[in-house]
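In case it helps, mature numbering (1 follows the signal peptide of the UniProt record, and there is no 0) puts the sequence shown at residues -24 to -1, 1 to 637.
Glycine included, each C-beta is placed from N, C-alpha and C at the ideal position.
Following: one structure in structure tokens, then a few remarks.
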Amino acid sequence: MKLKKAVVTSVALAFLAQMSLANASFFSDTGSAVTLTILHNNDGESALLPDQSYKTSQGTLMFGGAAGFSTVMKREAKAAKAANNALLSVYAGDSFLASKLLICSEPANPKSTATVYDGIAQSMMPYDVHVLGNHEFDYGTGFLKRYIESFSSKARYPFISGNMDFTTNDDLSSLVNKKEPILRGLLVGKKLGQSYIHKDYNTGAIFGVVSAITPTLRTISSPGTAKVTSSDIATTAALINKQVEGLQAKGVNKIILVSHLQGVAYDKQLIALLKDVDVAIAGGGDDLLTSPDVPESIQLIPGEGKPVGKYPEMVKDANGVDVPLITTKGGYNYLGRFDVAFDAKGKVSSYNKTTSYPRRVIPSSAVSRALGVTDAVNPDSRIVRAVEVPVNACLAGFAKPIASSQIVFETDRGSATVLGVRTAETSGGNLVADAFIHAYTTRAAGANLPAAGSTNPVVSLQNGGGIRQGGGTKFPTTGAVGAISRGNTFDLLPFDNRLVAITNVSAANIKEILERSCSVSTSGGGQFLQIGGMKVTCSRSGTATVVSNPTGDSYAGNITTAGTRVKDVTLNDGRILVKDGAVVANAPAVTVVTNNFTAEGGDNYPTLAKLVKVGFGVSYEQALYDYLLSFPKNSAGLPEIPSSDARYNKSTGEGRFTWLP
């Protein structure tokens, strides 16, 4: 039977009235003990396709992908409801990531109406709330708005970040729910807030969700005029404690924290300063935790590495109360499930050790059956049709070879024990840095910039964090010599970073910039610079420069401790800028070519932030593409990097950068 329009309208208005903040019935909890099933993941980062794999004794096992993940999520949600549990499903940030797959959604085009495939896939899954991560801001707030609006099938779906203010941002202010906290199903289109009240209609239980993003957001992404309202862990904790108190004042006594702080180590610091948070869910660290009470053969994908901790980890809060902390590895590889029991007063009494552990995502295949994987799943056919099919069609256009290389370049991110672009000079970093100088020499005249030469020496800088590993840790991404495709270059340099030139940069400024680069620990950091046009020596025994966190709309703070790690800087033509830690008198000024993110102070480079930049019309990926085309052609007609090229034929590079003890 169809209701008349007037009746439908009156029912809708009555529903909204019942859900209003003034109506206490929404906040009326049953007051009974309840078990809550939390389903959670983080850092999906546009890994929508089931194209990840491990080699096993039975062949190559494919895993992950949004369609398989959706099936696992719906399976676990159904099981939780069958057990009469309350249910809360959360996404703990980094919903998408710059990559050739994301480029299919045209994130860099402000006028694009292309499908946002990450949003379409996620909107087909039974999430209750999204918490924003740093990568949501990588293409600015314009694309973030498109992503949020792609959840058109969920007009009342909330996105929250407890330490952000969107009210002055032109793209996002219209989405802000000015009545805090957001209630389940309250306002159509008002999706952005700081906290969220979730009512489980199966049990009648009510839960509050508080949230936070890393306070360093402005140094690692591009939020524009969207403001981060905390500067460190302590000020973040103060904001969250106020949100908890606000929820408690409304009668909400079961509180879940969902954060995106870049790693569980930061979440532990935060929890230690909080009161009355019952469960904490972390995002941003890609940390694999497993339960000691469940066989790892059930929890882990065959071929998976060792977990880094227990699921959950117990962390004491400011009152000395143990708070369960949970997270999962990203890439749609695992869905976390945590079944936690609350007593009638809203306090955690226990958790189910047999059902609380990460669920792996393995699509059913001949290899999965040969391995005896009994929890393999059939992918969600709706996501296959709406996402996988068109994305695969888009990616096919990136597969054609554009160049060739007889060298395999090192592009790993690196660690204390692994060579990578965030820790040291690498062959891949050299390739990118040289591409910037090539772009300058071929485009300077068109941008009215001085020609490179003895009177205008040009150096290049590329932050290690902007060199990505979407296609693996080598380039070409096959890990073998041979063809390079445009897909490979987008995998390596996926962001919408544009090259800029900074002229007349003094030797003193160059030293300050390099001190920030050399302030990284042995584990590395995204600010570590791959360089071209000069040689640099740094010593770990020197004082690391310290930079305060940025405030307001700034992308960089201020130098509070001057560094003394930079020992020598010499241009390729032999002229010296820095000798034995001191700037050389009458050293020449240089032109710096870098990407706009770094030039504007990203990764907390205050010296660069203060200098005048000139754009010259090319993205950093286009610069690499053009540079590859400049090499002599091989017998197959493809430009080819020869194995004899000493700049690149060692994974450690040619000695442009040296670490001293």
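Can you tell me whether residue i is buried or exposed, with buried defined as 16 or more other CB within 10 angstroms of its CB?
i, result
"R345", "exposed"
"N424", "exposed"
"G69", "buried"
"K121", "buried"
"P271", "exposed"
"G631", "exposed"
"P355", "buried"
"S235", "buried"
"A483", "buried"
"T144", "exposed"
"S198", "buried"
"S332", "buried"
"V365", "exposed"
"V588", "exposed"
"D315", "buried"
"A369", "exposed"
"G528", "exposed"
"A131", "exposed"
"E221", "exposed"
"A214", "exposed"
"A415", "buried"
"N562", "exposed"
"T330", "exposed"
"A372", "exposed"
"G629", "buried"
"L407", "buried"
My assumption, with CB atoms under 8 Å, is that residue i sits in contact with residue j. Please give the rounded CB distance.
i, j, result
"Q582", "V542", "In the sequence under discussion, the amino acid at residue 582 is Pro, which differs from the Gln named in the question. P582 to V542, Cβ: 16 Å. No contact."
"S326", "A320", "That pair is no contact at about 14 Å."
"N309", "V337", "6 Å"
"V507", "S436", "The question names Val, yet the displayed sequence has Ile at residue 507. About 7 Å; that satisfies the 8 Å criterion."
"V105", "P134", "5 Å"
"F466", "K76", "4 Å"
"T387", "T449", "6 Å"
"G390", "R398", "5 Å"
"T184", "V228", "Checking the displayed sequence, the identity of residue 184 turns out to be Gly instead of Thr. Yes, they are in contact, since the Cβ atoms of G184 and V228 sit about 4 Å apart, within 8 Å."
"N464", "F451", "6 Å"
"A428", "T418", "Wrong, their Cβ atoms sit about 10 Å apart, outside the cutoff."
"F127", "S99", "4 Å"
"V353", "P339", "6 Å"
"S81", "G20", "The Cβ separation is near 14 Å, so there is no contact."
"G116", "G35", "Actually they are not in contact, since the Cβ atoms of G116 and G35 sit about 43 Å apart, beyond 8 Å."
"V481", "V568", "5 Å"
"N139", "T212", "5 Å"
"D27", "A74", "So it is not a contact: roughly 17 Å between Cβ atoms."
"N625", "I413", "Their Cβ separation, rounded to whole angstroms, is 19 Å, which puts N625 and I413 out of contact at 8 Å."
Would you say the beta carbon of residue i is closer than 6 Å to some non-hydrogen atom of the ligand HEM?
i, result
"G593", "Absence of the ligand HEM is noted for the structure shown, with no ligands found whatsoever."
Which partner residues of residue i appear in the DSSP bridge assignment?
i, result
"H174", "F183"
"M290", "P300"
"K121", "For K121, which the question treats as bridged, DSSP gives no partner whatsoever."
"Q438", "Q506"
"Y333", "R313"
"F318", "V10, V324"
"P377", "S461"
"M101", "None; M101 has no bridge partner."
"F633", "V512"
"P339", "V353"
"F135", "H106, L168"
"R474", "S595"
"G285", "L265"
"D114", "Its beta-bridge partners do not exist; DSSP assigns none."
Going along the chain, which unbroken runs of the beta strand (DSSP E) with 3 or more residues stay wholly within the segment 526 to 576? 535 to 537, 542 to 547, 552 to 555, 566 to 571
At 4 residues or longer, and completely inside the segment 4 to 92: list those alpha helix (DSSP H) runs for me, N to C. Secondary structure remark: continuous alpha helix (DSSP H) runs of at least 4 residues inside the segment 4 to 92, in chain order: 42 to 58, 76 to 79.
Touch check for the segment 361 to 381 and the segment 591 to 605: three-plus C-beta pairs under 8 Å? yes
Just list the beta strand (DSSP E) runs in the segment 588 to 618, keeping only unbroken ones of 3 residues or longer that don't cross its boundaries, in chain order. 590 to 595
Fully enclosed by the segment 385 to 431, which alpha helix (DSSP H) runs are 4 residues long or longer? 403 to 419
Runs of 4 residues minimum, wholly inside the segment 187 to 215: which ones carry the alpha helix (DSSP H) assignment? The segment 187 to 215 is shown to contain whole alpha helix (DSSP H) runs of 4 or more residues at 193 to 196, in chain order.
Cβ pair count under 8 Å reaching 3, the segment 488 to 500 against the segment 468 to 478: No: fewer than three Cβ pairs fall under 8 Å.
How do the segment 427 to 447 and the segment 500 to 518 stand: do at least 3 beta-carbon pairs fall below 8 Å, yes or no? With the rule of 3 Cβ pairs closer than 8 Å, the segment 427 to 447 counts as touching the segment 500 to 518.
Alpha helix (DSSP H) runs wholly inside the segment 203 to 279, at least 4 long, in chain order: 209 to 225, 240 to 247, 272 to 275
Decide if the segment 254 to 261 is in contact with the segment 204 to 222; the criterion is three or more beta carbon pairs, one per stretch, under 8 Å apart. no
Cβ contact check for the segment 57 to 67 and the segment 10 to 17: 3 or more pairs under 8 Å: yes
Pair every Cβ in the segment 169 to 189 with every Cβ in the segment 92 to 109, then say whether three or more of these pairs are closer than 8 Å. yes
For the segment 256 to 269 against the segment 293 to 306, do three or more pairs of beta-carbon atoms, one drawn from each stretch, fall closer than 8 Å, so that the two count as touching? A contact between stretches requires three or more CB pairs, one per stretch, nearer than 8 Å, and the segment 256 to 269 meets this requirement with the segment 293 to 306.
Taking 8 Å as the threshold, find out whether the segment 509 to 520 comes into contact with the segment 532 to 539 through three or more Cβ pairs. yes
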